[in-house]
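Numbered per the numbering used here, the sequence shown spans residues 541 to 817. The beta-carbon is built from N, C-alpha and C at its ideal position, and this holds for glycine as well.
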Amino acid sequence: MNDPINPADLQSRFKTLWGATQAPFGDHIKAPFASQAFTTLSTQLEQLAGVRASGVVHGPNGVGKSLCVEHFLRSLPDKRFKTVLISHSSVTGTDLLRLLCVELGRTPRMRRGDNLQEIRQAWQQLDRVWPLLAFEEAQNLSATALEEIRLLSCDRRHGQLPFSLLLVGDSQLLPRLQMGINAALLTRLGFCFGLNPWPAQEVRGYIECRLEEAGIHSNPFEEAAMNLLIQAANGLPRALNHLAQRAVEAAALQNCRVVSTAHIQRAIELLPWIAKL
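Printed below as a string of structure tokens:
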């Protein structure tokens, strides 16, 4: 069995071969790529927050929903907004109330009614600061959790809804919300944003951007390799990152300055499930 590659040695090869200052296609993203979809979504989310509305962001896994939404939430000024992001949505209605208490700086209680009172007092303490609650993986919210969210939205604050709600989920979210049992909640949502896989030209721009971020100023991918990478990733940034990272690692381990179709094919073999996305 071969010894595992030393990360420092791999980083050294990136620098020697391409002048990279860090591993390309890694997790060091400072801001989402300014794709057309991201720009449009950012504008729509700013509008949602500005008018204190609620809505849905949905799309296939790996298309960049979480990155875009988290970047948007970080951009909101603390003096105007209190953002709460719940990433683990597989909770019951009772657990959801306790979790909200904690996120709002309140001590959760044993009884549901006491937790509701804690949340109401948290709204009151925010005064002029507007709360925005965002749930990732919202397609996994239980029926009781969705009902608690709906009931919380009925507790009006100064004659309007007490918070803005943002439900973020995969392609199952919209059909789930459109079920009859969720009709009352659905009527409270005023926006719906769908993110789709990127077109080939957008993917090419993204690859160039990520290479530049890593200090690589000359694209090492052969044209045929680029085409295979774009086809295999199917317009999904997450899949693209995984495939591209494995491919440049394969090239670096062979001390190849050029990333070829053979390196892309090796990445596909290492990630066989990507072809099924």
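Host alpha helix (DSSP H) of residue i (start-end)
i	result
F675	Taken as a continuous stretch (DSSP letters only), F675 belongs to no alpha helix (DSSP H), being part of the beta strand (DSSP E) at 670 to 675.
K555	547 to 558
T561	Note, T561: premise wrong, no alpha helix (DSSP H); not H, not E.
G720	Counting along the chain, G720 falls outside any alpha helix (DSSP H), and DSSP gives it neither H nor E.
G820	Outside the displayed span of the chain (541 to 817) sits residue 820, for which this structure offers no information.
Q741	740 to 753
I659	652 to 666
Any non-hydrogen atom of the ligand MN closer than 6 Å to residue i Cβ
i	result
E687	Ligands displayed in this structure: none; no statement on the ligand MN is therefore possible.
Own chain residues within Cβ distance below 8 Å of residue i, not counting five before or after
i	result
G599	K605, D710, S711, G734, L735, N736
E610	L625
Q661	R646
Closest residue to residue i among the options (Cα-Cα distance)
i	options	result
S800	L811, R786, W813	R786
R690	E676, I721, Q661	I721
S629	R620, L639, T623	L639
Q741	A662, I770, T634	I770
A683	L636, I626, E610	L636
T583	A802, P760, C608	C608
N774	V642, C641, L616, P739	P739
W663	Q700, Q562, P760	Q700
D618	V642, A593, V669	V669
Residue i classed as buried or exposed, judged by whether at least 16 other C-beta atoms fall within 10 angstroms
i	result
A577	buried
R620	exposed
M719	exposed
R797	exposed
M766	buried
N655	buried
W813	exposed
E677	buried
H821	Shown here, the chain extends from 541 to 817; a query on residue 821 therefore has no answer.
A574	exposed
Nearest-angstrom Cβ-Cβ length linking residue i and residue j, presumed shorter than 8 Å
i	j	result
V624	L673	5 Å
V603	L776	6 Å
G595	G730	6 Å
A571	A754	No, A571 and A754 are not in contact; Cβ-Cβ is about 15 Å, not under 8 Å.
V597	L706	7 Å
I626	L644	Contact doesn't hold; Cβ gap of about 11 Å is too wide.
L588	S704	7 Å
A792	R553	4 Å
I808	A764	I808 to A764, Cβ: 14 Å. No contact.
Bounding residues of the beta strand (DSSP E) (the contiguous stretch that carries residue i)
i	result
S704	704 to 709
V631	Run containing V631: none; DSSP gives neither H nor E here.
G595	595 to 598
C732	731 to 734
Cβ-based neighbour list, residue i, same chain, cut-off 6 Å, excluding 5 preceding and 5 following
i	result
F565	R750, N781, A784, Q785
Q679	G709, D710, Q712, L713, R716
L581	C608, F733
D695	P702
L585	F612
Contacts around residue i, its chain only, beta-carbon distance under 7 Å, and the 5 residues preceding and following it disregarded
i	result
I756	W558, G559, A560, P564
L681	S629, F675
L686	N722, L725
E688	G633, L636, L637
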